[in-house]
Amino acid sequence: MRKLLAVWIAKLAIIAGKVVGKKSSSTPGAIALKICPDLIRRLSSNVTQGIIVTCGTNGKTTTNNLLNSALQKSGYSTVCNSLGANMMGGIATAFADACNLAGKFQADWAVLEIDEASARRVFAYLTPDYMIITNLFRDQLDRYGEIDITMDLLREAINMAGNVKLILNGDDPLTAQFGEGKKAWYYGISEQVLPQIDETKEGRFCAKCGMEQEYHFFHYSQLGDYYCPHCGNRRPHIDFEAKNVNLSDSMKFTINGTPVDVNYRGFYNIYNILAVYSTLSVMGIPTDKFNQLLRDYKPQIGRMEQINLGKPFILNLAKNPAGFNQAIQTVMLDKRKKDVIVAINDLANDGRDVSWLWDVDFEKLSDENLCSLTAAGIRRYDMALRFKYEDIQNVRIASNMRDALLDCMNTNAEVCYVLVNYTALYPTQTAMLELQKEQKAGGNI
Amino acid sequence: MNENTVQIIHLYPDLLNLYGDKGNIACMVKRLNWRGIQTNVQLCTNQDHSIDLSSADIIFVGGGSDREQALVCSLLLKKKEELIRYVENDGVLVAVCGGYQLLGKYYQTASEKIEGLGLLDIYTDAGKDRLIGNVVLQSSLFDQPIAGFENHAGRTEIGDYTPLGKVLYGHGNNGTSGFEGVIYKNVIGTYLHGPLLPKNPKLCDYILSCALKRKDANFPGLKPIDDTLENQANTYIVNRFAPEKK
Numbered sequence: 001m002r003k004l005l006a007v008w009i010a011k012l013a014i015i016a017g018k019v020v021g022k023k024s025s026s027t028p029g030a031i032a033l034k035i036c037p038d039l040i041r042r043l044s045s046n047v048t049q050g051i052i053v054t055c056g057t058n059g060k061t062t063t064n065n066l067l068n069s070a071l072q073k074s075g076y077s078t079v080c081n082s083l084g085a086n087m088m089g090g091i092a093t094a095f096a097d098a099c100n101l102a103g104k105f106q107a108d109w110a111v112l113e114i115d116e117a118s119a120r121r122v123f124a125y126l127t128p129d130y131m132i133i134t135n136l137f138r139d140q141l142d143r144y145g146e147i148d149i150t151m152d153l154l155r156e157a158i159n160m161a162g163n164v165k166l167i168l169n170g171d172d173p174l175t176a177q178f179g180e181g182k183k184a185w186y187y188g189i190s191e192q193v194l195p196q197i198d199e200t201k202e203g204r205f206c207a208k209c210g211m212e213q214e215y216h217f218f219h220y221s222q223l224g225d226y227y228c229p230h231c232g233n234r235r236p237h238i239d240f241e242a243k244n245v246n247l248s249d250s251m252k253f254t255i256n257g258t259p260v261d262v263n264y265r266g267f268y269n270i271y272n273i274l275a276v277y278s279t280l281s282v283m284g285i286p287t288d289k290f291n292q293l294l295r296d297y298k299p300q301i302g303r304m305e306q307i308n309l310g311k312p313f314i315l316n317l318a319k320n321p322a323g324f325n326q327a328i329q330t331v332m333l334d335k336r337k338k339d340v341i342v343a344i345n346d347l348a349n350d351g352r353d354v355s356w357l358w359d360v361d362f363e364k365l366s367d368e369n370l371c372s373l374t375a376a377g378i379r380r381y382d383m384a385l386r387f388k389y390e391d392i393q394n395v396r397i398a399s400n401m402r403d404a405l406l407d408c409m410n411t412n413a414e415v416c417y418v419l420v421n422y423t424a425l426y427p428t429q430t431a432m433l434e435l436q437k438e439q440k441a442g443g444n445i
Numbered sequence: 446m447n448e449n450t451v452q453i454i455h456l457y458p459d460l461l462n463l464y465g466d467k468g469n470i471a472c473m474v475k476r477l478n479w480r481g482i483q484t485n486v487q488l489c490t491n492q493d494h495s496i497d498l499s500s501a502d503i504i505f506v507g508g509g510s511d512r513e514q515a516l517v518c519s520l521l522l523k524k525k526e527e528l529i530r531y532v533e534n535d536g537v538l539v540a541v542c543g544g545y546q547l548l549g550k551y552y553q554t555a556s557e558k559i560e561g562l563g564l565l566d567i568y569t570d571a572g573k574d575r576l577i578g579n580v581v582l583q584s585s586l587f588d589q590p591i592a593g594f595e596n597h598a599g600r601t602e603i604g605d606y607t608p609l610g611k612v613l614y615g616h617g618n619n620g621t622s623g624f625e626g627v628i629y630k631n632v633i634g635t636y637l638h639g640p641l642l643p644k645n646p647k648l649c650d651y652i653l654s655c656a657l658k659r660k661d662a663n664f665p666g667l668k669p670i671d672d673t674l675e676n677q678a679n680t681y682i683v684n685r686f687a688p689e690k691k
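Just so you know, the sequences run in chain order A and B.
Under the numbering used here, think of the first position of the first sequence as 1, with each following residue one higher.
Under the numbering used here, think of the first position of the second sequence as 446, with each following residue one higher.
Rendered as structure tokens:
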């Protein structure tokens, strides 16, 4: 009875949330868990085939949702927290949302992204059959503490999951080490693609012996073909490897010889696609229509999302140095004359600490194609000051996003990139869509 | 490079680099360069620590994870005598977070006692909870409040030493004393990162002035530069977290 009450209340809260326009929410689930603490256990037992979990600092939502869409296209029914609420409350919301009023649902698979630090809490109530770990980067130090702490929490979760099959990013020494002594498959990019620049590397010390490790080549942050000259620890055997990478037009590469050709932006998406392909293969699900699947997939908001405001405005979420460096690299691959807006907030979901801005390679933004650069968001002064230290002149400071967007609509640039962190994402998208609506209505903007 | 070039040595940036510390180095370099003063930054790393510390005008040491901090400490202990001579000879040393803890006698974590450099007679014990959040200080060195961010498990006891500032907002050295950081001769230790110096231009200039005066007793003082943006970033934090105490 408690379960049913919890489900109803969660469903009411979801409806209420939709009415007031909340897009992604852990609140309904969090309320339901107060009424019925083991709700996740009781509801997840409805899942007939198994539970797949995605963890990792960056790429969780894209990987999880792409996998969910792949399973649905293959004819399976699923439960998925596709909006990205990935702590206890968000997981409970996803299950409650799937229920009918009798508190039942039908699903072959649960496809869940779970916050690294929450995994051990969630795994007390459900045991995943497959677990993907995308990568581990420095992120929200004020919330997670040091990356060592995150790794301990994740290790604890994996141990709780017993016989779980692990699908791991083999290019990431921090992630790959979780596979030791477990049933694990690894994916990776097996050739040098990007210039070998020096950026902040999180895992520069060998996970085994603590000495400095080296690379045959690396992709970004600590991802690459690593080896430790001191103890012999090295990149594992790669079960699913990307090669023949070509980013010049669309994104082309092969996975174990199978060609992939898709109109995605961002080198890091190769990893997201690899993770999904690997997982489907390990699950024994055919991948013959993989390209079609990628083409049909509609990304979540703010994943290089293009909105036209007279010229293309491209909105991208980036929350930590690794994500930002990748976003900047993607921006700079675009040789059009461009405006760039960077919005940084420091609310609880962003992390209160913005010191990581100094670990992002913002100097790369400054080239001859940069038309204007705007700092926005709650911490716009910190952002503008950061730009000052890269000798970028004439940085604009905008106290609201609408003004920043309006200004950029009136420049000579051909494209505008809008890079935002977490809580700046939805308000920015809303402002963009409003401007688009006004423009279509012929408003005087 | 000439004799007026300010020599900055960054200790173990490969190991202690957790909280945007390169922003502190960049800030010192830029604020000197903007005034036409040359700088030379040298790194003392795990690969190459042959550097002669006595050649420094400013030494900086940042923060890292507990694991990396223990490694740095074992490396730095070999330079203990050299560092003591430098500090007693009025050398400028800025230590943030983990680096601050290393200045003292020891850092007692939950599992081990990490021996410090003992440059100052202070010590640190790990507390149960981490002290995390924005911080605003009032220092006696200048009027502008100091704004930063702290994230530390250690509780540092500074005894009779002068603190860097009085806590207007945040936790400070141990969460209870109401003070943050330490000043001894030309040494500044603090838990504040953010990084510390870019939005605290007065503090950065104080550090630079100490180094320049030590180089040249007749140093006339730093020329003023445009700090509009620096002050805006500082004022935003001060007004948000300690509005009434200014």
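Beta carbons are placed, not taken as given, at the ideal position from N, Cα and C, and that holds for glycine.
Because the structure is a prediction, the values reported are computed rather than measured.
Drop a sphere of 10 angstroms on the beta-carbon of residue i, count the other beta-carbons inside from all chains shown, and report buried for 16 or more, exposed for fewer.
i              : result
residue 124(A) : exposed
residue 666(B) : exposed
residue 200(A) : With a pLDDT of 49 at residue 200(A), under the threshold of 50, the predicted position of this residue should be treated as unreliable, though the coordinate-derived value follows. So residue 200(A) counts as buried.
residue 500(B) : exposed
residue 505(B) : buried
residue 246(A) : exposed
residue 358(A) : buried
residue 336(A) : exposed
residue 178(A) : buried
residue 401(A) : buried
residue 1(A)   : exposed
residue 640(B) : buried
residue 152(A) : exposed
Below 8 Å on the Cβ atoms is my contact criterion, and I expect residue i with residue j to pass it. Report the Cβ-Cβ distance as a whole number of Å.
i              : j              : result
residue 3(A)   : residue 33(A)  : About 11 Å separates the two Cβ atoms, so there is no contact after all.
residue 638(B) : residue 542(B) : 6 Å
residue 446(A) : residue 419(A) : This structure cannot speak to residue 446(A), because chain A is shown only from 1 to 445.
residue 29(A)  : residue 127(A) : The Cβ separation is near 19 Å, so there is no contact.
Contact criterion: CB-CB distance below 8 Å. Does residue i meet it with respect to chain A?
i              : result
residue 510(B) : yes
residue 468(B) : yes
residue 594(B) : yes
residue 475(B) : yes
residue 675(B) : yes
residue 644(B) : yes
residue 681(B) : yes
residue 464(B) : yes
residue 640(B) : yes
residue 485(B) : no
residue 481(B) : no
residue 471(B) : yes
Do residue i and residue j have their CB atoms nearer than 8 Å?
i              : j              : result
residue 562(B) : residue 521(B) : yes
residue 257(A) : residue 326(A) : no
residue 210(A) : residue 133(A) : no
residue 687(B) : residue 537(B) : no
residue 276(A) : residue 66(A)  : yes
residue 395(A) : residue 424(A) : no
residue 293(A) : residue 82(A)  : no
residue 503(B) : residue 656(B) : yes
Are the C-beta atoms of residue i and some chain B residue less than 8 Å apart?
i              : result
residue 389(A) : yes
residue 356(A) : yes
residue 396(A) : no
residue 212(A) : yes
residue 146(A) : yes
residue 155(A) : no
residue 121(A) : no
residue 207(A) : no
residue 385(A) : yes
residue 200(A) : Any answer about residue 200(A) is weak, because its pLDDT of 49 lies below 50 and its placement is not dependable; what the coordinates show is given next. Yes - at least one Cβ of chain B is within 8 Å of the one on residue 200(A).
For the segment 114-122 of chain A against the segment 68-87 of chain A, do three or more pairs of beta-carbon atoms, one drawn from each stretch, fall closer than 8 Å, so that the two count as touching?
yes
Touch test, the segment 260-277 of chain A against the segment 318-333 of chain A, Cβ-Cβ under 8 Å, three pairs minimum
yes
Contact the segment 478-485 of chain B vs the segment 508-526 of chain B: 3+ CB pairs below 8 Å
no
Are the segment 370-383 of chain A and the segment 335-352 of chain A in contact at 8 Å, needing three or more beta carbon pairs?
yes
Between the segment 674-681 of chain B and the segment 379-387 of chain A, can you find at least three pairs of beta-carbon atoms closer than 8 Å?
yes
Are at least three pairs of beta-carbons, each pair with one atom in the segment 303-321 of chain A and one in the segment 592-612 of chain B, less than 8 Å apart?
no
I want to know whether the segment 290-301 of chain A touches the segment 226-233 of chain A - three or more CB-CB distances under 8 Å.
no
Counting pairs of beta carbons, one from the segment 569-584 of chain B and one from the segment 548-557 of chain B, are three or more of them closer than 8 Å?
yes
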